[in-house]
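First up is the structure itself, then whatever we jot down about it.
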Amino acid sequence: MDTVLAGLINGNAYALVALGLSLVIGVTGIINFAQGSLFAVGAMVGWFVTTSLGLPLWLAAVAAMVVTALLGWVINRVAVKPFAGKAPIASVLATIAIMIILDATAELIFGPEIRPMASGLPTASFQLLGLRINAIDMVILCTSVVLMAGLASFLRWTRFGRAIRATSQDREAAAQMGVPINRVQSGAFMIASALGGLAGVLVAAYFTTISPTQGFTVGLAGLAAATLGGLGSLLGAVIGGLLLGVVEALGVATFGDSARQVITFGVLLGCLWLRPHGLLGSRSVKREPLTGTFFSAARKITIPPWAVAALVVAGALPIIPGLFSGYVVGVGVQIITFALAALSMTILGGQAGQLSLGQAGAVALGAYALAIMTKSAGVPFLVALLLAGIFGAVVMTVLATPSWRLSGHYPAIATLATGALIAAVAQVWDPVTGGGAGISLIPLPSVFGVQLDSNTMLYALGFVLLLTVCWLVRRWSNSHLGLYWRAIREDETAARSAGVPTPQYKSLAFGLSGFIAGIAGGFWAGQYGYINATIFNPLMSFQIVIIAVLGGMLSPFGAILGSIVMVGGLELFRFSSSGRLLVYGVVLLLLIHFRPQGLWTDTGTWSRLKQRFTRRSTAEAVSTHEHEGALA
Amino acid sequence: MPSDLLLDARNLNVHYGHFHALQDVSYTIAPGEIVSLLGGNACGKSTTMKTLLQLVPLTSGEIIFDGASTASESTADVVSRGIASVPEARRVFPEMTIEDNLLVGAHTRRDGRAAIRRDVAAQFDLFPRLAERRTQVAGTMSGGEQQMLAFARALMSRPKLICMDEPTMGLAPKIVDQVLDTIQRINRELGISVFMVEQNAELALSIAHRAYVLVNGVVTLSGGANELIRDPRIREAYLGQKAA
Ligand SMILES: Nc1ncnc2c1ncn2[C@@H]1O[C@H](COP(=O)(O)OP(=O)(O)O)[C@@H](O)[C@H]1O
Ligand SMILES: [Mg+2]
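So the protein sequences, as listed, match chains A and B. For the first sequence, the UniProt record's numbering assigns the number 1 to the initial residue and increments by one for each residue that follows. For the second sequence, the UniProt record's numbering assigns the number 1 to the initial residue and increments by one for each residue that follows.
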């Protein structure tokens, strides 16, 4: 019973975070990935007010809600409103950028260490029906109940509350009735953010500690809770939160704390497979764009073969020993690794239009497969690499299969859960994966009897892999596979009625992308000689999406360019890890603003330049740019 | 006599990107009139209605409503000045109760709860079917009932003009008659002007006083309903449009 109570307390926090997420999803159709960061900000404000200033907890709660509400207003202004009417991926990435910025700022200000917090509440406890109940338990439960009841009445009975509900059910119709939907959206964001902030204070007071990194985990749990309940359903968010809290607590009591993530994401994935709209999700309200995908259509940049050859030669330069420092070549290897991983997203997103927020899972599969095969079974590196890719392909296909019938935001969340679940399983499956300690002393790659023991040699191997994968991606895109994928991307219903077996082609896209990600993972494991589960967390999945999208997904070169900018460029800021993350977040936000279709994508400038410098007629110049948005 | 007009739309132009959706569209509505805008699929009818509600920006042209230009106004402003709308395909709020749907219709009003309550009651008198289901969720009602709710919701803002986007679309013939009847009642009994966008010329002309015919963003024909209904060109315009 004590376990259930503890679960309810945690579940309460999830419920508050999930409520905020669901409210925002209802009004804007957008998953606010920064919601967890607001939780962390709330906790820190709470710490500052109670512990540094010595003021009472209720004042801390008010302060946290005010600060996070203001942040919510800002988030809407910079990360959501500017992207209204654009491809949804823009605001997904923008809220991820905000998340990174907030977390990095928090770390810069508060430092990475865990701090004790004085809640100022009496530690007295009393017995009720054989249960030991602490004062703080009562405070948390009562506050949440009062708050949820308040929110429900606000939405039900007030003019602004009705406007919020109307806007989330039919934005356009609400606008026609004269509902100021922009103000409604700002308001919803502020309320949602304040809920997250409050949850932060309450949980900090309960555990009497704060840690700047807890926001990310809680944010994911909140998303799991909101999805369990049904995205957009507020009652569902509360039920989902409490349910998740209790199930987690029971699971942790049985299997230990390390099982927490496995339970969270396992429950989430299982629920999506069994109930594609969550427990209370509605089918009547369409919360997602009916046609189109996460990604915007754009034009491919085509460059002449001599330029491709020049780029290949330039890329091969670091192979010449002594030309660059070992450090620079090392960064090059890093760029190649992420470019490989991002190419897996290029297939999935650029071709089939599917968003995967779980590619790190596929990378992990490849990395563990290769590590185990080369270390324990002595399989030669190249064979193991190929098998690692195949392993990634098979597992990703199998795991993606039950998600076929999901629609809207749910497939993306399913991929997020899949990726996180793979990492969580790796974390606890000691006998196979080494658990939290990971696998070390993975043999260095050796190819045809040559051991690759320098950065230069690793670069050479990576470069060959990269060229091979680019070639594969090109081939697949230009074959009938690519044609069918693009048909699915443009209009899945139409594709299906035209006889394209869409589920099969979608899972083929997941499979091939799993193959590439697996190769990337194998290369990762081989070059570092050490892996553990925390490397492959959802942040890596986000990083992969960011590189692929911002590089440009219509051509394999986009992923490489993206990796050069987002991995290589950020090396310039390596003097401070949180400073670097901050820069990363800001660069990301700017790129989404100014190059939402990716760096290596034609927005018209390229065509004009090309027309000016070549003497071809307009008609010819246009015809060489295959318009990717149209179905051939 | 422009000062007698409730609405005077002059030379409206709208572009979607490079696409010229409305080209010099002009029309007027006098107080108490039912004016219909006729046109086939995708010729710009909904766009015309949205310019009136400030939901689509004009590239050029001006709309004078009730003596003042709407140029600098928001949708909320024009709604509170007296333009209500019945959206295409009704678009009631599916998970809200009938009563809440009506209250959203009154969102722009500032004359107090009591007055709004009285108007909710008035809608229930006008549409007894809705009164029976005031706490029912709107999404569970039939198409005809949803259409009535959409009318009632529009009336909640106390409009001088209601614009309706294809109010008979997708309804059974018997229900269509009821809808046309209701539009006439709103017009005659409440003295509210109606701007009715329709594809079905025959239906629209049976209750409209005047009409405009829109073909690919251009007004090609206009006049009294009695003349238009006999005009051979209207059939031509329609057939031509439908073939395109
Ligand atoms: N938001 C928009 N963006 C681009 N084109 C649009 C938009 N809305 C309408 N159109 C185009 O403008 C034309 C007129 O549309 P609309 O006014 O909805 O026609 P109707 O209501 O007569 O069927 C159509 O060709 C349509 O494709
Ligand atoms: Mg229309």
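Even glycine gets a Cβ: it sits at the ideal position worked out from N, Cα and C. These numbers come from a predicted model, not from an experiment.
_Residue from A:365, A:457 and A:470 with nearest C-alpha to residue 419 of chain A_ = On the first sequence, position 419 is the one that residue 419 of chain A refers to. It is A:365.
*Who are the neighbours of residue 93 of chain B on chain A, taking C-beta pairs under 8 angstroms?*
One-based indexing of the second sequence puts residue 93 of chain B at position 93. Here the neighbours are 165, 166, 169, 170, 173 and 174.
*asked:* Taking only three categories from DSSP, how would you classify residue 134 of chain A?
replied: What you label residue 134 of chain A is simply residue 134 of the first sequence in a count that begins at 1. Note: residue 134 of chain A maps to strand in three-state DSSP.
*What are the partner residues of residue 258 of chain A, as DSSP defines its beta bridges?*
Your numbering for residue 258 of chain A matches position 258 in the first sequence. Answer is none; residue 258 of chain A lacks a bridge partner.
*Consider the Cβ of residue 105 of chain B: report whether some Cβ of chain A lies at a distance smaller than 7 angstroms.*
Residue mapping note: residue 105 of chain B aligns to position 105 of the second sequence, counting from 1. Cβ-Cβ to chain A under 7 angstroms: yes for residue 105 of chain B.
*What does DSSP give as the partner residues of residue 446 of chain A in its beta bridges?*
For this step, residue 446 of chain A is matched to residue 446 along the first sequence. Note: residue 446 of chain A sits in a beta bridge opposite A:451.
*Can you tell me the Cα-Cα spacing of residue 197 of chain A and residue 461 of chain A, whole angstroms?*
Indexing the first sequence from 1 puts residue 197 of chain A at position 197. Indexing the first sequence from 1 puts residue 461 of chain A at position 461. Using only the alpha carbons, I get a separation of about 48 angstroms.
*Distance between residue 234 of chain B and residue 12 of chain B (C-alpha atoms, nearest Å)*: For the purposes of this step, residue 12 of chain B is taken as residue 12 along the second sequence, with counting starting at 1. For the purposes of this step, residue 234 of chain B is taken as residue 234 along the second sequence, with counting starting at 1. Going from the Cα of residue 12 of chain B to the Cα of residue 234 of chain B covers about 22 angstroms.
*asked:* Any heavy atom of ligand 2 closer than 6 angstroms to the beta-carbon of residue 88 of chain B?
replied: The sequence position of residue 88 of chain B within the second sequence is 88, counting from 1. Residue 88 of chain B: yes, Cβ under 6 angstroms from ligand 2.
*Cβ-heavy atom distance between residue 50 of chain B and ligand 2 below 6 angstroms?*
As a working note, residue 50 of chain B is residue 50 in the second sequence. Flag unset: Cβ of residue 50 of chain B not near ligand 2.
*Could you check what DSSP says for residue 517 of chain A in three-state terms: helix, strand or coil?*
In the first sequence, residue 517 of chain A corresponds to position 517, counting from 1. It is helical.
*Is residue 31 of chain A helix, strand or coil when you go by DSSP?*
If you number the first sequence from 1, residue 31 of chain A lands on position 31. DSSP places residue 31 of chain A in coil when its eight states are reduced to three.
_Tell me the rounded alpha-carbon separation between residue 10 of chain A and residue 96 of chain A._
Taking the first sequence and counting its residues from 1, the one referred to as residue 10 of chain A is at position 10. Taking the first sequence and counting its residues from 1, the one referred to as residue 96 of chain A is at position 96. Approximately 24 angstroms between the Cα atoms of the pair.
_Classify residue 480 of chain A: buried if its beta carbon has 16 or more other beta carbons within 10 angstroms, exposed otherwise._
Mapped onto the first sequence, residue 480 of chain A falls at position 480. With fewer than 16 Cβ atoms within 10 Å of its Cβ, residue 480 of chain A is classed as exposed.
*asked:* Our contact map puts residue 72 of chain A next to residue 193 of chain A with C-beta atoms below 8 angstroms; I'd like the distance itself, whole angstroms only.
replied: Walking along the first sequence from the start, residue 72 of chain A turns up at place 72. Walking along the first sequence from the start, residue 193 of chain A turns up at place 193. Rounded, the Cβ-Cβ distance is 3 angstroms, consistent with contact.
_Can you tell me where the alpha helix (DSSP H) holding residue 589 of chain A begins and where it ends?_
Within the first sequence, numbered from 1, the residue matching residue 589 of chain A stands at position 589. Looking at the DSSP string, the run of the alpha helix (DSSP H) that includes residue 589 of chain A is 577–594.
_For a cutoff of 7 angstroms on Cβ pairs, would you count residue 87 of chain B as touching chain A?_
In the second sequence, the residue the question calls residue 87 of chain B occupies position 87. Chain A, which has a Cβ nearer than 7 angstroms to the Cβ of residue 87 of chain B, makes this yes.
*DSSP three-state call for residue 280 of chain A: helix, strand or coil?*
The residue given as residue 280 of chain A occupies position 280 in the first sequence. In the structure shown, residue 280 of chain A sits in coil (DSSP, three-state: anything other than H, G, I, E or B).
*asked:* Using only the alpha-carbon positions, how far apart do residue 23 of chain B and residue 37 of chain B sit?
replied: As a first step, residue 23 of chain B must be located in the second sequence, where it is residue number 23. As a first step, residue 37 of chain B must be located in the second sequence, where it is residue number 37. Between residue 23 of chain B and residue 37 of chain B, the C-alpha separation is close to 15 angstroms.
_Where the alpha helix (DSSP H) containing residue 245 of chain B begins and where it ends_ = Given that chain B is displayed from residue 1 to residue 244, the structure contains no residue 245 of chain B and the question cannot be resolved.
*Measure the alpha-carbon distance for residue 101 of chain B versus residue 93 of chain B and round it to whole angstroms.*
If you number the second sequence from 1, residue 101 of chain B lands on position 101. If you number the second sequence from 1, residue 93 of chain B lands on position 93. For residue 101 of chain B and residue 93 of chain B, the distance between alpha carbons rounds to 6 angstroms.
*asked:* Can you pull out the residues from the segment 47–76 of chain B whose beta carbon lies closer than 8 angstroms to at least one beta carbon of chain A?
replied: 53, 55, 74, 75 and 76
_Can you tell me whether residue 85 of chain B sits near ligand 1, meaning its C-beta is under 6 angstroms from at least one heavy atom of the ligand?_
Translated into the one-based positions of the second sequence, residue 85 of chain B becomes position 85. Outside the cutoff, so no.
*Using a C-beta cutoff of 7 angstroms, does residue 183 of chain A count as contacting chain B?*
As a first step, residue 183 of chain A is located in the first sequence; it is residue number 183 there, counting from the start. No, residue 183 of chain A lies away from the interface with chain B (no Cβ there is under 7 angstroms from its Cβ).
*Which runs of the alpha helix (DSSP H), 4 residues or longer, sit entirely within the segment 454–504 of chain A?*
455–478, 480–490 and 492–497
*Less than 6 angstroms between the CB of residue 46 of chain B and some heavy atom of ligand 2, yes or no?*
In the second sequence, the residue the question calls residue 46 of chain B occupies position 46. Residue 46 of chain B: yes, Cβ under 6 angstroms from ligand 2.
*Which of the three DSSP states, helix, strand or coil, is assigned to residue 292 of chain A?*
As a position in the first sequence, residue 292 of chain A is number 292, starting the count at 1. Reliability fails at residue 292 of chain A, whose pLDDT of 43 lies under 50, so the model's placement of it is uncertain and the value that follows must be treated cautiously. Three-state DSSP puts residue 292 of chain A in coil, outside helix and strand.
*Of the listed residues B:153, B:198, B:183 and B:111, nearest to residue 96 of chain B (C-alpha basis)*: Residue 96 of chain B sits at position 96 when you count from the first residue of the second sequence. Checked all of B:153, B:198, B:183 and B:111; the closest Cα to residue 96 of chain B is B:153.
_Within 10 Å of its beta-carbon, does residue 327 of chain A have 16 or more other beta-carbons around it, so buried, or fewer, so exposed?_
The residue given as residue 327 of chain A occupies position 327 in the first sequence. It counts as exposed.
*Does any CB atom of chain B fall closer than 7 angstroms to the CB of residue 24 of chain A?*
Stepping through the first sequence from its first residue, residue 24 of chain A is reached at position 24. So no, residue 24 of chain A is outside the interface.
*Decide if residue 18 of chain B is buried, meaning its Cβ has at least 16 other Cβ atoms within 10 Å, or exposed.*
Your numbering for residue 18 of chain B matches position 18 in the second sequence. So residue 18 of chain B counts as exposed.
*May I have the straight-line CA-CA distance separating residue 75 of chain B from residue 184 of chain A, to the nearest angstrom?*
The count along the second sequence starts at 1 and reaches residue 75 of chain B at position 75. The count along the first sequence starts at 1 and reaches residue 184 of chain A at position 184. The alpha-carbon atoms of residue 75 of chain B and residue 184 of chain A are separated by roughly 14 angstroms.
*If you drop the 5 nearest sequence neighbours on each side, which residues of the same chain put their C-beta closer than 7 angstroms to that of residue 316 of chain A?*
The residue you call residue 316 of chain A lines up with position 316 of the first sequence. Cβ within range, chain order: 463.
*Status (buried if at least 16 other CB within 10 Å, exposed otherwise) for residue 344 of chain A*: Taking the first residue of the first sequence as position 1, residue 344 of chain A is located at position 344. The residue is buried, with at least 16 neighbouring Cβ atoms inside 10 Å.
_Below 8 angstroms on the Cβ atoms is my contact criterion, and I expect residue 340 of chain A with residue 523 of chain A to pass it. Report the Cβ-Cβ distance as a whole number of Å._
Within the first sequence, numbered from 1, the residue matching residue 340 of chain A stands at position 340. Within the first sequence, numbered from 1, the residue matching residue 523 of chain A stands at position 523. About 6 angstroms separates the two Cβ atoms, so the contact holds.
_Output needed in chain order: residues of the segment 229–243 of chain A with a Cβ under 9 angstroms from some Cβ in chain B._
none
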